[in-house]
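Numbering (the UniProt record's numbering), first residue to last: 1 to 319.
What follows is a single structure, written as structure tokens, with notes after it.
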């Protein structure tokens with residue numbers, strides 16, 4: 001038989017049509033379902049909350065870290081009747097809370113910026129208060145906080161208003177813990193209050209929303225007082241002497257900046273009023289502190305006491 005008559009047999013293995021598929025599609029499908037669930041959750045939130053509460057949620061997410069255990073949960077209903085609370089619930093400042101806050105303060109005079117142009121001393125005249133206002137505004141601009149801090153000069157002193165907006169909350173929702181943005185801001189301006197000798201009043205204010213914590217006697221009065229005291233504590237941690245603070249006041253919702261919108265974010269604020277010497281003297285006298293009278297007023301009082309009785313009677317009858 002010749003070579004051309006050989007038969008070649010080639011064997012091939014056939015793939016089974018019943019081979020099972022891989023599981024990659026399950027992972028993709030699971031991701032799709034999670035995304036779909038998140039979408040419906042967002043749509044539900046937009047449906048059940050109003051515009052003010054939406055701004056509060058956005059401000060909370062922008063001002064806190066989701067990986068921070070102390071940031072709190074805006075939807076925690078264990079202590080509130082409402083899943084979203086606009087800064088009306090209060091967190092007690094226990095010794096543990098104060099200890100946790102003290103760890104964020106640096107030793108020394110604070111981490112603020114020292115301004116050599118500000119001469120140490122008492123600032124009573126309008127010109128001196130203008131210099132103080134200009135110095136504070138420069139520090140606030142460097143922190144991009146011009147929308148959150150307002151400064152006014154009055155005959156009684158300098159007034160600083162620290163308030164919320166839809167981007168930044170000053171305090172954690174329903175508590176008295178400062179957000180990192182405002183905590184850094186107070187620490188930066190604290191050395192300024194170390195250089196001046198003026199006393200100050202720190203007052204806390206809430207919005208018009210009533211307190212809703214279950215089985216608690218706390219109200220907006222307690223919340224505003226605690227927030228004012230936290231601001232004082234933060235300033236002291238930044239280097240301000242303790243004796244700069246003359247008074248801490250909790251005003252609750254009695255003095256609303258926006259009367260037409262009681263729930264507006266501008267009503268939730270901390271005010272620092274730097275007092276002039278005459279204003280501080282008046283406040284001290286109201287609370288019974290022995291203060292030296294101004295020489296002119298003292299002379300007038302002595303002159304009235306030494307006035308003859310007959311002359312007083314004539315003046316009374318002629319009137």
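Virtual Cβ for every residue (Gly too), placed ideally from N, Cα, C.
Model, not experiment: these values are computed from the prediction.
Through-space distance from residue 164 to residue 42, alpha-carbon basis: Mapped onto the chain shown, residue 42 falls at position 42. Mapped onto the chain shown, residue 164 falls at position 164. Rounded to the nearest angstrom, the two C-alpha atoms are 24 Å apart.
Contact belief for residue 188 with residue 122 at Cβ below 8 Å, rounded distance in angstroms: Within the chain shown, numbered from 1, the residue matching residue 188 stands at position 188. Within the chain shown, numbered from 1, the residue matching residue 122 stands at position 122. With a Cβ gap of about 23 Å, residue 188 and residue 122 do not count as contacting.
Where residue 49 falls: helix, strand or coil (DSSP): Within the chain shown, the letter at position 49 stands for residue 49. In the structure shown, residue 49 sits in coil (DSSP, three-state: anything other than H, G, I, E or B).
Separation of residue 232 from residue 102, as counted between CA atoms: Looking up residue 102 in the chain shown gives position 102. Looking up residue 232 in the chain shown gives position 232. Any reading at residue 102 needs caution, since the residue's pLDDT is 40, under 50, leaving its predicted position unreliable; the model's value is listed next. Using only the alpha carbons, I get a separation of about 13 Å.
Closest by C-alpha distance to residue 176, when choosing among 140, 135, 219, 192: In the chain shown, counting from the first residue as 1, residue 176 sits at position 176. Closest option to residue 176, Cα to Cα, is 219.
Residue 208 versus residue 27: straight-line alpha-carbon distance, rounded: As a first step, residue 208 is located in the chain shown; it is residue number 208 there, counting from the start. As a first step, residue 27 is located in the chain shown; it is residue number 27 there, counting from the start. Between residue 208 and residue 27, the C-alpha separation is close to 48 Å.
Residue closest to residue 181, alpha-carbon to alpha-carbon, out of 192, 167, 193: As a first step, residue 181 is located in the chain shown; it is residue number 181 there, counting from the start. Among 192, 167, 193, the Cα nearest to that of residue 181 is on 167.
Contact under 7 Å by Cβ, residue 354 with residue 190: Outside the displayed span of the chain (1 to 319) sits residue 354, for which this structure offers no information.
Residue environment, residue 23, which counts as buried when at least 16 other CB atoms sit within 10 Å: In the chain shown, residue 23 corresponds to position 23, counting from 1. With fewer than 16 Cβ atoms within 10 Å of its Cβ, residue 23 is classed as exposed.
Coil, strand or helix - residue 200 by DSSP: Here residue 200 refers to the residue found at position 200 when the chain shown is read from its first residue. Residue 200: strand per DSSP, three-state reduction.
For residue 288 and residue 250, believed in contact at Cβ under 8 Å, the rounded distance: The count along the chain shown starts at 1 and reaches residue 250 at position 250. The count along the chain shown starts at 1 and reaches residue 288 at position 288. About 21 Å; that fails the 8 Å criterion.
Beta-carbon proximity of residue 198 to residue 274, cut-off 7 Å: In the chain shown, residue 198 corresponds to position 198, counting from 1. In the chain shown, residue 274 corresponds to position 274, counting from 1. Yes.
Identity of the residue in 201, 240, 127 nearest residue 279 by Cα: The residue you call residue 279 lines up with position 279 of the chain shown. Of the candidates 201, 240, 127, the one whose C-alpha sits nearest the C-alpha of residue 279 is 201.
Cα-Cα separation, residue 30 to residue 44: Stepping through the chain shown from its first residue, residue 30 is reached at position 30. Stepping through the chain shown from its first residue, residue 44 is reached at position 44. Distance between the alpha carbons of residue 30 and residue 44: 21 Å.
Three-state secondary structure (DSSP) of residue 309: What you label residue 309 is simply residue 309 of the chain shown in a count that begins at 1. With a pLDDT of 49 at residue 309, under the threshold of 50, the predicted position of this residue should be treated as unreliable, and no value is reported.
C-beta atoms of residue 406 and residue 257 nearer than 7 Å: What is shown of the chain runs 1 to 319, which leaves residue 406 out entirely.
Close-in-space but distant-in-sequence residues of the same chain around residue 140 (CB under 7 Å, 5 per side omitted): Here residue 140 is taken as the residue at index 140 of the chain shown, counted from 1. The residues are 146, 149.
Pairwise C-alpha distance: residue 161 and residue 270: Working through the chain shown from its first residue, we reach residue 270 at position 270. Working through the chain shown from its first residue, we reach residue 161 at position 161. Rounded to the nearest angstrom, the two C-alpha atoms are 6 Å apart.
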